[in-house]
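All remarks here apply to the structure that follows.
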Amino acid sequence: MAKHEKIEKVSKPYLQGRMVDRTLPLAALKFFGSMALMIFVYFMSMIVSSVESPFLVIVINVAILLTTWLIFWQSGLASGADAVSQGEIMYQRREKGRPVADWEQQQCYHPLKGYIAALLGALPLIICCVVFACIAKREMTSMGVLPNWVGSFESRPEIGGALSYYHQEAKMTVESILRIGVRVAIMPWISIAGAENKDTVLLLERLSPLMMLIPVVVYGTGYMLGTQERIAVHSNIALGKKRMAKKQARERRARRQAAHNGPEQLN
80 MAKHEKIEKV SKPYLQGRMV DRTLPLAALK FFGSMALMIF VYFMSMIVSS VESPFLVIVI
140 NVAILLTTWL IFWQSGLASG ADAVSQGEIM YQRREKGRPV ADWEQQQCYH PLKGYIAALL
200 GALPLIICCV VFACIAKREM TSMGVLPNWV GSFESRPEIG GALSYYHQEA KMTVESILRI
260 GVRVAIMPWI SIAGAENKDT VLLLERLSPL MMLIPVVVYG TGYMLGTQER IAVHSNIALG
320 KKRMAKKQAR ERRARRQAAH NGPEQLN
């Protein structure tokens, strides 16, 4: 069995930027857009709740969560690798004696830049979740609908007053509005726990700020590992050049051998 060719790690020097630069607002806005898209996907996942099999509901929602986190990871990794590449270009420019503007160096890789951009992008959602977590209460079971035969008793003062509560319409409050948004944002978690488990749902609502931080941590960690992504790119390029050099060397040896054996075959 042929042995796998060992890949030697190859890295290039780069200039390090700052945690905050002129591209931070745009990066935060892009992350906010990604979070909004994630919530839309979670909203569409409510269709899964109609599946009768609880096991299938759990599997599908876990897959949705892992998929969205993987997308944030890959996005952060790509952004980090691009920033390292920018730092490598700026380093080479400086080594050649060419000027490097301060704003250009600021845009280079910094290990915490991904966390800051993601946190700023997710901040509006986190604030909403924190506010709701502070005022959230256990949702009570609805009163239901009165049977038709009870209607004849509502005209009696001693009974009608007690039954009037059934005709009161639920008012939209800050809590109810925030509940709708927060529940959509954490819908896969609620589907996994079961919407009928009121106490568990309340716990999830109070933990919703931490759930909104998961994409931030995933994206920021992926960005931080952008240096490793660039090392992998350089290593693969070096390996490809090494293999090409070996292939060309074999071809040259083959041509020399053919040229050497040619006259002997003629004799």
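When you line the sequence shown up against our numbering, it's residues 80 to 346, in that order. Built from N, CA and C at the ideal position, the CB exists for glycine as well. None of the values given here were measured: they were computed from a predicted structure.
Buried versus exposed, by CB contacts within 10 Å (16 or more), residue i
i           : result
residue 340 : exposed
residue 268 : buried
residue 154 : buried
residue 211 : buried
residue 316 : exposed
residue 280 : buried
residue 185 : buried
residue 132 : exposed
residue 176 : exposed
residue 123 : exposed
residue 105 : exposed
residue 145 : exposed
residue 335 : exposed
residue 262 : buried
residue 283 : buried
Spatially closest choice to residue i from the options, by CA coordinates
i           : options               : result
residue 141 : 272, 309 and 155      : 272
residue 197 : 120, 111 and 190      : 111
residue 350 : 107, 292, 162 and 214 : With the chain running from 80 to 346 in the structure shown, residue 350 is simply not present.
residue 207 : 133, 326 and 254      : 254
residue 260 : 282, 324, 276 and 287 : 287
residue 90  : 307, 325 and 332      : 307
residue 278 : 329, 218 and 334      : 218
residue 109 : 199, 313, 331 and 266 : 199
residue 289 : 117, 88, 201 and 105  : 201
residue 195 : 283, 120 and 102      : 102
residue 188 : 299, 327, 252 and 174 : 299
residue 100 : 338, 87, 180 and 311  : 180
residue 143 : 328, 116 and 258      : 116
Nearest-angstrom beta carbon gap, residue j and residue i [assumed within contact, 8 Å]
i           : j           : result
residue 301 : residue 156 : 4 Å
residue 191 : residue 98  : 5 Å
residue 309 : residue 163 : 4 Å
residue 305 : residue 159 : 2 Å
residue 264 : residue 118 : 5 Å
residue 303 : residue 193 : 6 Å
residue 121 : residue 291 : Their Cβ separation, rounded to whole angstroms, is 12 Å, which puts residue 121 and residue 291 out of contact at 8 Å.
Close Cβ partners of residue i (< 6 Å) along its chain, the five nearest in sequence each way excluded
i           : result
residue 297 : 148, 151 and 152
residue 167 : 91 and 93
residue 244 : Confidence at residue 244 is low in this model, with a pLDDT of 48, below 50, so the placement of that residue should be treated as unreliable; the coordinate-derived value is given next. Answer for residue 244: no residue qualifies.
residue 294 : 151
residue 205 : 288 and 291
residue 209 : 288
Own chain, CB closer than 8 Å to residue i, minus 5 neighbours either side, in chain order
i           : result
residue 203 : 111
Close beta carbons around residue i, own chain, < 7 Å, minus the five adjacent residues each side
i           : result
residue 237 : Confidence at residue 237 is low in this model, with a pLDDT of 44, below 50, so the placement of that residue should be treated as unreliable; the coordinate-derived value is given next. If we look at residue 237 and ignore the five residues flanking it on each side, it has no Cβ neighbours.
residue 183 : 169
residue 285 : 212 and 215
residue 125 : 266
residue 338 : none
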